[in-house]
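Residue numbers (this note's numbering), protein chains in the order written: chain Z, 1 to 587; chain R, 1001 to 1227.
Glycine is no exception: its CB is placed at the ideal position from the N, C-alpha and C atoms.
Source: prediction; values computed, not measured.
The structure under discussion appears below in the form of structure tokens.
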Amino acid sequence: MAYVSIADRDHEVEHHDPDTFISKYVWSQDHKVIAIQYGVLAILIGLVGMLLSSAFRLQLGFPDMFEFINPENYYQFVTIHGMIMVIYLLTALFLGGFGNYLIPLQLGSRDMVFPFMNMLSVWVYALSVLILVASFFVPGGATGAGWTLYPPHAISPGTPGTDWGIVLMLLSLAVFIVAFTMGGLNYVTTVLQARCKGMTLMRMPLSVWGIFMATILGLLAFPALLVSAIMMLFDKLLGTSFFMPAMIQAGVATDTVGGSPVLFQHLFWFFGHPEVYIVALPAFGLVSDLLSTHARKNIFGYRMMVWAIIAIGGLSFIVWAHHMYVSGMNPYFGFFFATTTLIIAVPTALKVYNWVLTLWQGNIHLRVPMLFAIAFIFTFTHGGLTGLFLGNVTIDLPLSDTYFVVAHFHMVMGVSPVLVVFGAIYHWYPKMTGRMYNETLGKWHFWLTFLGTYSLYLPMHYLGFLGVPRRYFAMGNTEFMPDSAVTLNASMTISALIIAATQLIFIYNMIWSLKHGEKSGGNPWKSTSLEWQTPDTPPKHGNWGHSLPEVHRWAYDYSVPGQAEDFTPQTVPESEVPVGRDHGVDS
Amino acid sequence: MSDAATMDGLPGGTKGVVTDFSADRQAFHVPWGKAMMWIFLLSDTFIFSCFLVGYMHVRMAATDPWPFPSEVFALSFGGDPIPLILIAIMTFILITSSGTMALAVNMGYRKNKKATFWLMVATAILGASFVGMQAFEWTKLIVDEGVRPWGNPFGAAQFGSSFFMITGFHGMHVSAGVIYLLVVANRVRNGFYEQRGDNYEIVEIAGLYWHFVDLVWVFIFAFFYLW
Chain Z
1 MAYVSIADRD
11 HEVEHHDPDT
21 FISKYVWSQD
31 HKVIAIQYGV
41 LAILIGLVGM
51 LLSSAFRLQL
61 GFPDMFEFIN
71 PENYYQFVTI
81 HGMIMVIYLL
91 TALFLGGFGN
101 YLIPLQLGSR
111 DMVFPFMNML
121 SVWVYALSVL
131 ILVASFFVPG
141 GATGAGWTLY
151 PPHAISPGTP
161 GTDWGIVLML
171 LSLAVFIVAF
181 TMGGLNYVTT
191 VLQARCKGMT
201 LMRMPLSVWG
211 IFMATILGLL
221 AFPALLVSAI
231 MMLFDKLLGT
241 SFFMPAMIQA
251 GVATDTVGGS
261 PVLFQHLFWF
271 FGHPEVYIVA
281 LPAFGLVSDL
291 LSTHARKNIF
301 GYRMMVWAII
311 AIGGLSFIVW
321 AHHMYVSGMN
331 PYFGFFFATT
341 TLIIAVPTAL
351 KVYNWVLTLW
361 QGNIHLRVPM
371 LFAIAFIFTF
381 THGGLTGLFL
391 GNVTIDLPLS
401 DTYFVVAHFH
411 MVMGVSPVLV
421 VFGAIYHWYP
431 KMTGRMYNET
441 LGKWHFWLTF
451 LGTYSLYLPM
461 HYLGFLGVPR
471 RYFAMGNTEF
481 MPDSAVTLNA
491 SMTISALIIA
501 ATQLIFIYNM
511 IWSLKHGEKS
521 GGNPWKSTSL
531 EWQTPDTPPK
541 HGNWGHSLPE
551 VHRWAYDYSV
561 PGQAEDFTPQ
571 TVPESEVPVG
581 RDHGVDS
Chain R
1001 MSDAATMDGL
1011 PGGTKGVVTD
1021 FSADRQAFHV
1031 PWGKAMMWIF
1041 LLSDTFIFSC
1051 FLVGYMHVRM
1061 AATDPWPFPS
1071 EVFALSFGGD
1081 PIPLILIAIM
1091 TFILITSSGT
1101 MALAVNMGYR
1111 KNKKATFWLM
1121 VATAILGASF
1131 VGMQAFEWTK
1141 LIVDEGVRPW
1151 GNPFGAAQFG
1161 SSFFMITGFH
1171 GMHVSAGVIY
1181 LLVVANRVRN
1191 GFYEQRGDNY
1201 EIVEIAGLYW
1211 HFVDLVWVFI
1221 FAFFYLW
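Shown next, in the form of structure tokens:
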């Protein structure tokens, strides 16, 4: 018997709606509830990460003024801040949060293909967060090895948290990878196998494309992190020497012999570089949909955008050693990795051009999500351009391990994706809750965050050029650091604190609007993609009522000349499109 | 599944690939579970690749001489030691289990419930005996010869570290596979899949996992014991 796709057997399947509080909101197998669980957890731990950054910025801006920050917990704050932001906030929020929410809704599916595994995914993720937080409360505290956890110092005495902190950190990462794999298999399989009638791959909204590709990257890159975590756990707990060379510590030779610290760096960055794109690709996708919807124009060069996502995904696996130029490497390898790094800028630049061309002559509505989306183009271009400096071996050598690097990656994979996160939350908030957010508060949140990040990170580039090294607890009296740079450091700290405080506006807005926001209706943005065409808002269990939707067009039919409305939902067949007026977009 | 695809009147070859990927609803004409297993195995391949590449790297970076595997893994039955004899038997058993698994899948599609069940049980027994022999090998190395993860009397400490880590990780895969096979076999026997109308596809999915574990062993065997 030939295999009949599930979408065609939909009418045969009975849907059991969850009826108790626990099955509805706690052990829920509904992708929308899981998405919100993922999102809320990620944002909560992200707030912890933000508080940690405020704490260590206080030390950097006003050295030795605050007694609760000593060198040990300064390093712990820096390390855990990095870990939380990259993995537990951004990866979990984009893939677990937006992936879970948008994939079934935008593809016209009832749910993820294996809801039970999806539920396990979020709770195992919660466990990994718990282990991470627990590491602050064990003897010796959390690890302070820097988020890259380079051996040998990560597990050698002298670094904060080498007793238990590093063990819990590695354990938490391993648990996170298990959680991600259970979710990730679901996302990829759902995209490939569970679309509704008419939804071809080349009709999928770019959000789904970005999340899909990022998930594939995750499934192939996290193994390297898992392996390096296991090997380092062995080094720490069993006394093996995978990463530990023969060393002299405080005048005494260690038991370790013949290990290779560079192996860890290779494994780590084989994960670490794709990880940049695990965070960036969903942001690319989501921002494309935001720009197109709020500019009332189809995304420019949809096919190019898709192929660029795929090309970036592929190339991201062969650029990892550009993080290791100063680790010692054959010059030919340096040449190779510099070349691939610059090549990856081509599809990335192509996407930026396409976003700008989408805005070109569009009917731009500067609502809060759109503001964040446009701001993303600025910060991402900015961060991307500094990446070209760092991708070249000769320019990287003097800039490596300075604030220039910190400024670069914060612009490109910190600020930019976070701006998209905010924009996307504002954009889909009406669908998730049925109510509008407060526009004024949203604008305050946007302007303070956007200008705040610039006043924080622009001076940081300058400090980097001066040669101020990253991760130092205190600079002391150094000749290369003029007084003006010290003052700048203080002003950057003040900016960081303002940005941190601004996020309270966002949280207040989200909670207040749950009860007091205006009713939004099902499709407040007049959007074309499927999630806005659900029979109920917020969508109920099973998403689509009695019958699955049928798709007749791509997701970007905005302002098509000759049609009565300036948008045509994907579910409208060609024969039912109301005709009438010209929107003048193409004039 | 290519037979089923052509029965649908869909093109095969390169054209088939294009048709599959430009189709709505699904890219591959297979059940969800099977597609998911493929993707999982791809991810697992990266895990084992990282382990093996890491092992090769520490082997080259090690400062002490690397032990000679033919001697370390030799067994003597009364007379002279025979190099790699235990590993040869283990490999033979695991490959045989792949054969019984393939037969089980075939019997599953023929709806031969009894034969499917017994072939899966046979596969699980072969797998369990593999794990048992591995336990014997570990015991011999640890107790009799004093090999530890942090050092061994033959040479580079990384020999023991990589050996226990990689064969241990693989052994866990085999053990998990044995449990998985027994669960599926039991459900085949009590008619669980017939009631759901699932066509024993799950037997093939379990088979995919099992063949993968065997394939990985071939690489571990080649890179660890033969190199």
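Answer with yes or no whether the minimum CB distance from residue i to chain Z is below 8 Å.
{"i": "P1149 of chain R", "result": "yes"}
{"i": "W1118 of chain R", "result": "no"}
{"i": "R1025 of chain R", "result": "yes"}
{"i": "W1032 of chain R", "result": "yes"}
{"i": "Q1158 of chain R", "result": "yes"}
{"i": "S1002 of chain R", "result": "Here the model assigns S1002 of chain R a pLDDT of 44, short of 50, so the residue's position is not dependable and the matter cannot be decided."}
{"i": "H1057 of chain R", "result": "yes"}
{"i": "F1047 of chain R", "result": "Looking at the sequence itself, residue 1047 of chain R is Ile, so the reference to Phe does not match. Closer than 8 Å: yes."}
{"i": "M1172 of chain R", "result": "no"}
{"i": "D1064 of chain R", "result": "yes"}
Considering only their Cβ atoms, is the gap separating residue j from residue i smaller than 8 Å?
{"i": "S288 of chain Z", "j": "M305 of chain Z", "result": "yes"}
{"i": "P417 of chain Z", "j": "A280 of chain Z", "result": "yes"}
{"i": "P152 of chain Z", "j": "M244 of chain Z", "result": "yes"}
{"i": "S207 of chain Z", "j": "G285 of chain Z", "result": "yes"}
{"i": "V572 of chain Z", "j": "C196 of chain Z", "result": "no"}
{"i": "N543 of chain Z", "j": "W532 of chain Z", "result": "no"}
{"i": "T189 of chain Z", "j": "V113 of chain Z", "result": "yes"}
{"i": "R553 of chain Z", "j": "G146 of chain Z", "result": "no"}
{"i": "F506 of chain Z", "j": "F372 of chain Z", "result": "no"}
{"i": "G239 of chain Z", "j": "W1150 of chain R", "result": "yes"}
{"i": "L290 of chain Z", "j": "A345 of chain Z", "result": "no"}
{"i": "I1047 of chain R", "j": "L219 of chain Z", "result": "no"}
Verify the CB distance criterion: does residue i have a CB-CB separation below 8 Å to chain R?
{"i": "F176 of chain Z", "result": "no"}
{"i": "S484 of chain Z", "result": "no"}
{"i": "P223 of chain Z", "result": "yes"}
{"i": "V406 of chain Z", "result": "no"}
{"i": "F409 of chain Z", "result": "no"}
{"i": "L219 of chain Z", "result": "yes"}
{"i": "I230 of chain Z", "result": "yes"}
{"i": "V124 of chain Z", "result": "no"}
{"i": "G384 of chain Z", "result": "no"}
{"i": "V113 of chain Z", "result": "yes"}
{"i": "S128 of chain Z", "result": "no"}
{"i": "V585 of chain Z", "result": "For V585 of chain Z, the pLDDT reaches just 49, beneath the cut-off of 50, and the residue's location in the model is therefore unreliable, leaving the point undetermined."}
Please state the DSSP three-state secondary structure of residue i.
{"i": "A42 of chain Z", "result": "helix"}
{"i": "A1074 of chain R", "result": "strand"}
{"i": "P573 of chain Z", "result": "coil"}
{"i": "P18 of chain Z", "result": "coil"}
{"i": "D1024 of chain R", "result": "strand"}
{"i": "I80 of chain Z", "result": "helix"}
{"i": "A1005 of chain R", "result": "Residue confidence for A1005 of chain R is low, a pLDDT of 44 falling below 50, so the modelled location carries little weight and cannot support an answer."}
{"i": "V579 of chain Z", "result": "strand"}
{"i": "T534 of chain Z", "result": "coil"}
{"i": "R57 of chain Z", "result": "helix"}
{"i": "R296 of chain Z", "result": "coil"}
{"i": "Y1209 of chain R", "result": "helix"}
{"i": "S327 of chain Z", "result": "helix"}
{"i": "N363 of chain Z", "result": "coil"}
{"i": "D1080 of chain R", "result": "coil"}
With DSSP as the reference, identify every bridge partner of residue i, one or two as the case may be.
{"i": "G313 of chain Z", "result": "G313 of chain Z pairs with nothing; no bridge assigned."}
{"i": "G1151 of chain R", "result": "R:R1148"}
{"i": "Q249 of chain Z", "result": "Z:V252"}
{"i": "E550 of chain Z", "result": "Z:K197"}
{"i": "F567 of chain Z", "result": "Z:Y558"}
{"i": "P469 of chain Z", "result": "Z:T402"}
| Positions along the segment 189-207 of chain Z whose CB lies within less than 9 Å of some CB in chain B | Within the model displayed, chain B is absent; protein chains Z and R are what it includes.
| task | May I have a chain-ordered list of the beta strand (DSSP E) segments no shorter than 3 residues that lie completely inside the segment 380-454 of chain Z? | result | Along the length of the segment 380-454 of chain Z, whole beta strand (DSSP E) runs at least 3 residues long do not occur.
| query | Which runs of the alpha helix (DSSP H) spanning at least 4 residues fall entirely within the segment 106-189 of chain Z, listed in chain order? | reply | 115-134
| task | Go through the segment 472-527 of chain Z residue by residue and report every complete run of the alpha helix (DSSP H) that reaches 4 residues or more, in order. | result | Counting only runs of 4 or more residues that sit fully inside the segment 472-527 of chain Z, the alpha helix (DSSP H) segments are 483-516, in chain order.
| Can you list, in chain order, the stretches of the alpha helix (DSSP H) that have 4 or more residues and sit fully within the segment 1082-1170 of chain R? | 1085-1109 and 1113-1139
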